[in-house]
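In our numbering, the protein residues as written are 1 to 141. Everything below concerns the one structure shown next.
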Ligand SMILES: [Zn+2]
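Dropping the structure here:
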């Protein structure tokens with residue numbers, strides 16, 4: 001088994017469904033950062049068969065609940081001094097503002113306004129744009 005304790009301080013995103021790690025990696029812009037990051041793909045997992053893991057040797061200020069869009073069984077481990085100090089699963093966020101509205105007539109597509117999507121159905125992961133009420137179903141980032 002791979003040891004998550006191979007980093008001293010940061011976080012480990014574990015139990016990512018196979019093939020989804022790369023999407024999260026890009027979504028978090030980890031290909032552009034200056035600290036150590038690792039994307040491990042196709043790691044054997046007892047529970048899942050295969051999984052991806054991301055290790056980040058830095059603090060991430062961003063709310064990672066959005067990762068529940070991919071899978072709510074993803075585990076986020078917070079590491080300090082080489083030990084896991086906190087472990088949690090991302091919860092479906094009530095509000096999302098890290099994604100863009102796909103409606104070309106939406107005011108957020110025309111003007112540079114911070115958009116916001118509000119959760120309208122937790123089960124189907126449907127969100128509604130605050131500005132144009134376009135409904136989007138999120139199952140991938
Ligand atoms: Zn919109």
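No residue lacks a Cβ here, since even glycine has one placed at the ideal position from N, Cα and C.
- Per DSSP, the continuous alpha helix (DSSP H) segment holding residue 108 begins and ends at 107 to 110.
- Listed in chain order, the alpha helix (DSSP H) runs fully inside the stretch 55 to 132 are 107 to 110, counting runs of at least 4 residues.
- Judged by DSSP in its simplified three-state form, residue 23 adopts helix.
- About 14 angstroms separates the beta carbons of residue 89 and residue 48, which is beyond the 8 angstroms limit, so they are not a contact pair.
- Comparing alpha carbon positions, the residue from 102, 125, 111, 112 closest to residue 70 is 125.
- In terms of Cβ geometry, residue 58 and residue 10 form a close pair [threshold 7 angstroms].
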